[in-house]
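In this note's numbering, each residue's number is its place in the sequence shown (first place is 1) plus 887. Even for Gly, the Cβ is constructed at its ideal location relative to N, Cα and C. Source: prediction; values computed, not measured.
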Amino acid sequence: MKLKHFKTIKRLGVVALAGTMMAACFCAPLTGCFYVDAASTETVSETEETVLSEEDEVGGELNLSEVTTDLSSSGIWSMDAHNAPALTAEGAILMDADTGAILYAKNINTEYYPASITKLLTCLVAIENSDLSETVEFSTNAVFGIERNSSNIGIDVGETLTMEESLYAILLASANEVAVAVAEHVGGSTEAFAAMMNAKAKELGCTHSNFVNPNGLPNDAHYTSAHDMALIAKAFFANDTLAMISGTTSYHIYATSTQPDEIDLMNHHRMLPGCLYGTKYNYDYTIGGKTGYTDVARQTLVTCAEKDGMRLIVVVMKDETPSHYTDTKALFEYGFNNFKTISTDELISAEDIDRLITTTLPGVNYTLGEIHDVIVPDDVTADEISTDIEYEEVDNIVQGADVVNAGELAGGSGVIRFYYNNMEAGNITFSFTRPVTQLSEQATTAIEEAQSEFVAIGEGTAEEAEKEKINVVGILLGIVKTILLIVLIVAVSVGGFFAVRYLYHNNEKAKRREEVMRRARARRAQQTFLEDLEETS
888 MKLKHFKTIK RLGVVALAGT MMAACFCAPL TGCFYVDAAS TETVSETEET VLSEEDEVGG
948 ELNLSEVTTD LSSSGIWSMD AHNAPALTAE GAILMDADTG AILYAKNINT EYYPASITKL
1008 LTCLVAIENS DLSETVEFST NAVFGIERNS SNIGIDVGET LTMEESLYAI LLASANEVAV
1068 AVAEHVGGST EAFAAMMNAK AKELGCTHSN FVNPNGLPND AHYTSAHDMA LIAKAFFAND
1128 TLAMISGTTS YHIYATSTQP DEIDLMNHHR MLPGCLYGTK YNYDYTIGGK TGYTDVARQT
1188 LVTCAEKDGM RLIVVVMKDE TPSHYTDTKA LFEYGFNNFK TISTDELISA EDIDRLITTT
1248 LPGVNYTLGE IHDVIVPDDV TADEISTDIE YEEVDNIVQG ADVVNAGELA GGSGVIRFYY
1308 NNMEAGNITF SFTRPVTQLS EQATTAIEEA QSEFVAIGEG TAEEAEKEKI NVVGILLGIV
1368 KTILLIVLIV AVSVGGFFAV RYLYHNNEKA KRREEVMRRA RARRAQQTFL EDLEETS
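Below, the structure written as structure tokens:
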């Protein structure tokens, strides 16, 4: 076989192989599985709306307290990196108390032991589920179930305090037995109350927390993060009563027939102006907060301060004395001295808001809710701030077996978010309604599925029927695509085979012609030789 023929056959073989591989690459994604899961049919917008997921919906309202970030569990980030302070705390966060904007972050999703800053959540759950005048009675477990020598105010079994007195005792004196008594009063048991704490934390957007007791005493299963504590503190300081109590430097509990002692409480937080434990670390703008310490947690501290209308929250985790105070002050100074607020009016007009909402949600009637001005570094201009809109349509059109009539109203809530440096810096909330006849395709599908659920008795739920339908379609589609792949591979292979066969036969013919010509030349040469020999003879 001549070299040029070999090269031609080699090229055809490579082409055939490449064609087969291309066909496989083209069809493999289509035939990779015969089962098509319903989740795989989600749209990009549905998978991206993490903040607006059904899990985070509470009472039909968006969880606007949660701030989505791309921050990993470790590392330092700041909105104004040039002026950010260096800290000794292992975890820390500076958050705007109104918008939830993060101005500084250090290991904000790392899980730490919180110690007594746990009590911010304890008091938040308690005040939302009781009246201040209620009577809290102390059980044997409350009095003797805490660690000996841990913070307490000496209440005995059977004695009582009002809920208001209890909150002062928890927030000022960090009284562990009072926290347990409040938990038992509100939840029935510490375990049930811990479940309430975790439910509230989830409602607030916490993702790296688990609480098993109301006082923060050491437990391997009791942990939180700087970001989660900032979310809890944001809700805590939004409650005027709790903010006022946590900022009180001292409080007196009077003796009663059910509690015979006069008890003086002093706030442990030394950044409070006029703190009776000393003024060395006082910070004039401090509103309130909560201290915490155990051997494993080290120093933990949550503080809220306000200056010139800007209210900020600082959380430091696993710090040392007195750095938990100096770190906190450094973050406040960084925030107050390097950031400004921009009114949303400067970023978006009423007409643009109307256009944005009605374009995103055609046919709705909307009402604006809270408007939080944008907080950004001092040198940032309005042009550097971007805008986005998110919404959630409340699933109130289907109530069990009842489907509302066309023309009745359904709706939902949404938020217009402002971003700087890939972090949310402010927002405007809104709610909306629209007739059922103008509901989105998703809502219409929900109605159809709900109706089918009650018709198809014995055939499973509408969701299962839809999933089965998708599975069958997926199987058929997979089979068809697999057959097409096989046909394509066979076609390419057969074509390559015949091309090789054709060249092979042509080569054999050429070899036979070459052999005939060689023999003819040999005969002519022999004949010429004999004729020459006869002439010489």
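Could you tell me the alpha carbon to alpha carbon distance between residue i and residue j, rounded to whole angstroms?
| i | j | result |
| --- | --- | --- |
| S1061 | I1132 | 12 angstroms |
| G1175 | A1269 | 33 angstroms |
| V1099 | M1083 | 10 angstroms |
| A1068 | V1012 | 13 angstroms |
| T1228 | Q1186 | 32 angstroms |
| I1262 | T1135 | 29 angstroms |
| T1254 | L1372 | 55 angstroms |
| S1037 | T1009 | 17 angstroms |
| L990 | Q1146 | 46 angstroms |
| S1230 | S1273 | 14 angstroms |
| L1248 | G1041 | 59 angstroms |
| P1160 | F1223 | 18 angstroms |
| S1210 | Y1221 | 16 angstroms |
| Y1170 | I1140 | 27 angstroms |
| G1032 | A1192 | 35 angstroms |
| A1079 | N1085 | 10 angstroms |
| S965 | N1252 | 39 angstroms |
| V1241 | M1197 | Checking the displayed sequence, the identity of residue 1241 turns out to be Asp instead of Val. Taking the straight line from one Cα to the other gives about 28 angstroms. |
| S927 | D1206 | Summary for S927: the model assigns pLDDT 29, below 50, so the residue's position carries little reliability, and this model does not support an answer. |
| F1219 | S1137 | 24 angstroms |
| A1180 | T1208 | One detail in the question is off: residue 1180 reads as Tyr in this sequence, not Ala. Whole-angstrom Cα-Cα distance: 10 angstroms. |
| E1279 | L1364 | 33 angstroms |
| I1150 | V1030 | 16 angstroms |
| F1384 | A1407 | 35 angstroms |
| R1410 | V1379 | 47 angstroms |
| L1243 | G1299 | 16 angstroms |
| T1143 | E1046 | 9 angstroms |
| S1026 | A1130 | 28 angstroms |
| L1390 | V1374 | 24 angstroms |
Just grab the DSSP bridge partners of residue i for me.
| i | result |
| --- | --- |
| G1179 | T1187 |
| T1213 | According to DSSP, which records beta bridges pairwise, T1213 is partnered with nothing at all. |
| N1314 | H1259 and R1304 |
| A979 | K993 and V1203 |
| A1192 | T1173 and L1199 |
| E1280 | G1299 |
| N1393 | Paired residues: none, contrary to the question. |
| D1275 | R1304 |
| V1023 | L1048 |
| H1109 | Beta-bridge pairing links H1109 to no other residue. |
| D1151 | H1139 |
| K1227 | V1263 |
| Q1414 | DSSP lists no partner for Q1414. |
| S1003 | According to DSSP, which records beta bridges pairwise, S1003 is partnered with nothing at all. |
| S965 | Y991 |
| N1097 | Y1110 |
Kindly give me the distance between the Cβ atoms of residue i and residue j, rounded to whole angstroms, as I take these residues to be in contact under 8 angstroms.
| i | j | result |
| --- | --- | --- |
| T1166 | T1190 | That belief does not hold up - the Cβ atoms of T1166 and T1190 are roughly 16 angstroms apart, past 8 angstroms. |
| A1066 | I1057 | 5 angstroms |
| H1095 | E998 | 5 angstroms |
| Y1307 | V1367 | Between V1367 and Y1307 the Cβ distance is about 50 angstroms, and since that is not below 8 angstroms, they are no contact. |
| N1063 | N1028 | The pair is not a contact, with the Cβ atoms about 12 angstroms apart (cut-off 8 angstroms). |
| V1023 | H969 | Incorrect: roughly 50 angstroms between the Cβ atoms, too far for contact. |
| L1091 | A1125 | Between A1125 and L1091 the Cβ distance is about 11 angstroms, and since that is not below 8 angstroms, they are no contact. |
| R1304 | E1271 | The pair is not a contact, with the Cβ atoms about 15 angstroms apart (cut-off 8 angstroms). |
| A979 | A1113 | 6 angstroms |
| K1177 | L1007 | 5 angstroms |
| M1153 | L1059 | 6 angstroms |
Within a Cβ cutoff of 8 angstroms, which residues of the same chain sit near residue i, ignoring the five residues on either side of it in sequence?
| i | result |
| --- | --- |
| L1019 | T1049, M1050, E1051, L1054 and T1128 |
| H1109 | Y1000, P1001, T1005, N1097, F1098, V1099, N1100 and G1103 |
| N1106 | V1099 and N1100 |
I'd like the list of long-range same chain contacts for residue i, defined as Cβ closer than 7 angstroms, with 5 residues on each side in sequence excluded.
| i | result |
| --- | --- |
| A973 | none |
| R1405 | none |
| V954 | Because the pLDDT at V954 is just 42, under 50, the model does not fix this residue reliably, and the point stays unresolved. |
What does a CB cutoff of less than 6 angstroms around residue i pick up in its chain, not counting 5 residues either side in sequence?
| i | result |
| --- | --- |
| D967 | N1225 and P1264 |
| Y1164 | R1157 |
| E1465 | Here the chain covers residues 888 to 1424 and nothing more, so residue 1465 does not appear. |
| N1016 | V1073 |
| A915 | Here the model assigns A915 a pLDDT of 42, short of 50, so the residue's position is not dependable and the matter cannot be decided. |
| Y1168 | R1157, M1158 and Y1212 |
Could you tell me whether the Cβ of residue i comes closer than 8 angstroms to any Cβ of chain D?
| i | result |
| --- | --- |
| H1109 | Here there is only one protein chain, and chain D is not present. |
Exercise for the section: Flag this pair as touching only if the segment 1195-1210 and the segment 1110-1118 have three or more C-beta atom pairs under 8 angstroms; answer yes or no. Expected result: yes
Exercise for the section: Could you tell me whether the segment 984-992 touches the segment 1301-1320, using the rule of 3 or more Cβ pairs below 8 angstroms? Expected result: yes
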